[in-house]
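Report on the structure given below.
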RNA sequence: GCCGAUGUGGCGGAAUUGGUAGACGCGCAGGAUUCAAAAUCCUGUAUCUUCACGGAUGUGUCGGUUCGAUUCCGACCAUCGGUACCA
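Residue numbers (the numbering used here): 364 to 1222.
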């Protein structure tokens, strides 16, 4: 075969791999398991199999991990590289409703399509480990693991204000609601008190925060998790309501500002406002509460910076001042800048040292009482507030204390006086874990007549979803499973006739909280996974996916994993040792002056600009997301059909480093089309015959053309190898292209050793063409397990280099020079080369960097 | 507002510890081949200036350190992403 036929070759090798399974990972105990091989677990975030299929953006991450997986196999690792489907959840159900079909059917169709598309990309997954979170043999164990959380007391049922989405007809977790709209579908949501199943993720807040130190994750993602957990160290302070023995407790991070309190402010929802001693002003206050409560969350948010509030007419007393102090009596206000479900729903207002309190005091004309001054002795400015650390003033015996020490000592005094204590709070809320939807894991719990919770036994698992003709969500917020009364009332289990099942289902995140563990042992029928399997694979060595999961999946999975760790089910406290975020593949699009999108087939290039064909107006060329609505989605199937999957793999790799966003360009791919063809022809002569020299063994010492080839090859191997350190495989492809430009001039001299190393190095990137060339150059082994080729240092050295000669840092001349010429000779050489330019000037200094440059400093 | 990331030719992007800015590829221009086209091959391609040799400018902006800065430091600007009364 002399012409490169991608269709034929790729089909041939994909069929062969399907049979021989070189990417099959072996567990201890499996036939052929080799315990001398180290393990390596590399995982892609598994996809939700959407109806629109895979686009080239998804492919880029999968191609990246595949390149690494293939190289690791060549380096002698037992590589676990699996794929599966995150198939339960809202999007899958929404899609089914839209298609008017059952989600079981659409999910199966979609995952079939995804599997087909992924296989066309030549990805070396161990397909024998494929999983689907919506299949009973998988969710049986999701339910079992949920029961572990229940056993630990991490599951509770409570009537709390939750996010309700009318459009989706279900509640959502805090993490799933962005700016009062659903993360999925962007529908408006509202706060509504409802009884929900909740997971006590707050119990793990400290460890989720602390263990971030021990994992190799991008700084930005760690920071996002840290902010989401939102740890604040401070104190709780009790203020006694004047004329009663009742106390109002506040949380503050700045107990050092305690002597600057000029008001105590309650959230409108705070029930304490109803029990305050009433006064003539109270009715006005009630109005305010009513008005605040009737505003939607969004309105309240929209009014940020617009301070409002009302005086209740009641007062509290200062815990550390006595009655004679003018600041002893503190008025109680109600204001909606205080939020009910953080801290205690009440704050001590210190306008001199907190931005919001300052604004509030300005708006309501309350006194501002500075108690901290800057350390550098500057006068406090009454027109702004000072929020930094400093030194206390007007604070009784604490005056002159630095703020850091004052915080500790004031807190101690509060403890002594039984008026407070040190306290740490977290922003993270418990995880609302139930959904009023059909397509999710049923809870493995029963309720008795008195609403007591009774966990299901292992033998009753899985609690299967009943088949329902009409699975659509109910308008009244009641879960659709409530309509399956026989199932709710356990008609299938007469022995449990007094109990009821739970009608809510788990959210889509449940299945993805542990799928990486199931991949270690996917066919286990006795447990979620065996000890042997998890103790062997331990944790995911490299996890690759988009950055959008920073506070949802990646936080939830860490939480569940820590619970499993506490049960001794897994050997590591963290699931993902190293995390890498791949960039998005974007697309070019055009828009006219009015920013309206112009279809690309109505645009033509005119020199370096673009004009709209129909109007002859210039249009702007810009980069945007790939989206169906923009009609700019590139389907990998089409690219593969035209150019082959190796070319697609190379192009997606060549576009840029794995972690950045890169725009797809249909023109750009032609460079890789040419490269593949030229690489193929490197091993064939003009008449289509394999080069004769390829059967000759390497010489004992390289010289002439063979030396030139050997040098180019070693440079290429070194750069390829280094590209794995920074996930910038684009430089590896560039190295291959440079090598090809150099070597193709001398291709008749390539010997068998050189050809082998070259083909091996290309294999992770373009496995089909590499395998075909491997075979046609006379090799019979599986490339997957051939040792990864390493460069030899001595062939990286050249005999000569270009000596750069500069004056004051500006390059003046370049001179071919023998390598390792001594310093003094270089200086002399440079001097004579720049004779004319150095005439009449004084050389103040001469810097010589051997094998690089000479710089004259002149005046 | 706060936090994070990123700014390099017409475009995607390269540049060890500070040491030739623009590798590689696309695009573009010219040429070869061809009846012609496609494909392929060769040459050129940061900007300004010069017939040319050459010279000047140039890695978002302004400044600093240095013999020498895309790289280090300071201030600012722009774009993208995250987050928002968290006391």
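Note that CB positions come from ideal geometry on N, CA and C, so glycine has one too.
Ranked by how close their Cα comes to the Cα of residue 469, the residues 477, 476, 459, 1118 have 459 in first place. Contact between residue 417 and residue 477 holds: their C-beta atoms lie close to 6 Å from each other, under 8 Å.
Closest in alpha carbon position to residue 526, among 550, 1205, 687, 724, is 550. Within 10 angstroms of the beta-carbon of residue 1069 lie 16 or more other beta-carbons, which makes it buried. Residue 806 carries a coil assignment under DSSP once its states are collapsed to helix, strand and coil. Residue 721 carries a helical assignment under DSSP once its states are collapsed to helix, strand and coil. With a contact defined as Cβ atoms closer than 8 Å, residue 1201 and residue 1192 miss out at about 13 Å. Under DSSP, residue 687 shares a beta bridge with no residue. For residue 923, the enclosing alpha helix (DSSP H) has its first and last residue at 916-929. The alpha-carbon of residue 1067 is positioned some 29 Å away from that of residue 1176. Secondary structure of residue 622 (DSSP, three-state): helix. Contact annotation: the region 482-494 does not touch the region 795-810, with fewer than three C-beta pairs closer than 8 Å.
With contacts defined as CB atoms closer than 7 Å, residue 713 and residue 602 fail to qualify as a contacting pair.
In this structure, the alpha-carbon of residue 1012 lies about 15 Å from that of residue 374. Per the DSSP secondary-structure output, residue 1167 pairs in a beta bridge with 1177, 1216.
Per DSSP, the continuous beta strand (DSSP E) segment holding residue 404 begins and ends at 402-407. Scanning the region 404-488 for uninterrupted alpha helix (DSSP H) segments of 4 residues or longer gives 419-437, 453-462, 466-483, listed from N- to C-terminal end. Excluding residues up to 5 positions away in sequence, 630, 708 lie with their Cβ nearer than 8 Å to the Cβ of residue 702 in the same chain.
Between the C-alpha atoms of residue 916 and residue 387 there is a straight-line separation of about 27 Å. Contact between the region 767-777 and the region 602-619 is present: three or more C-beta pairs spanning the two stretches fall below 8 Å. A residue is called buried when at least 16 other Cβ atoms come within 10 angstroms of its Cβ; residue 495 meets this threshold and is buried.
In terms of Cα proximity to residue 548, the closest of 554, 559, 562, 533 is 533.
Of the candidates 1063, 486, 908, the residue whose Cα lies closest to the Cα of residue 1024 is 908.
Assignment of residue 492 by DSSP, reduced to helix, strand and coil, places it in the helix class.
Counted as a single uninterrupted DSSP element, the beta strand (DSSP E) harbouring residue 601 occupies residues 594-604. Nearest in C-alpha terms to residue 1119, of all of 1058, 607, 848, 1107, is 1058. Secondary structure note for residue 858: it is in no alpha helix (DSSP H), with a DSSP letter that is neither H nor E.
Counting every other CB atom within 10 Å of its CB across the protein chains shown gives residue 819 a total of 16 or more, marking it as buried.
Rounded to whole angstroms, the Cβ separation of residue 920 and residue 587 is 15 Å, and the two are not in contact under 8 Å. Assigned with DSSP and collapsed to three states, residue 1025 falls in strand.
For residue 635, the three-state secondary structure derived from DSSP is helix. Counting only the Cα atoms, residue 559 lies some 6 Å from residue 522. Judged by DSSP secondary structure, residue 519 falls within the beta strand (DSSP E) whose first and last residues are 518-528.
An exposed status is given to residue 886, since fewer than 16 other beta-carbon atoms sit within 10 Å of its beta-carbon.
One alpha carbon belongs to residue 698, the other to residue 874, and they sit about 42 Å apart. When the alpha-carbon of residue 717 is set against those of 881, 747, 729, the nearest one is in 747.
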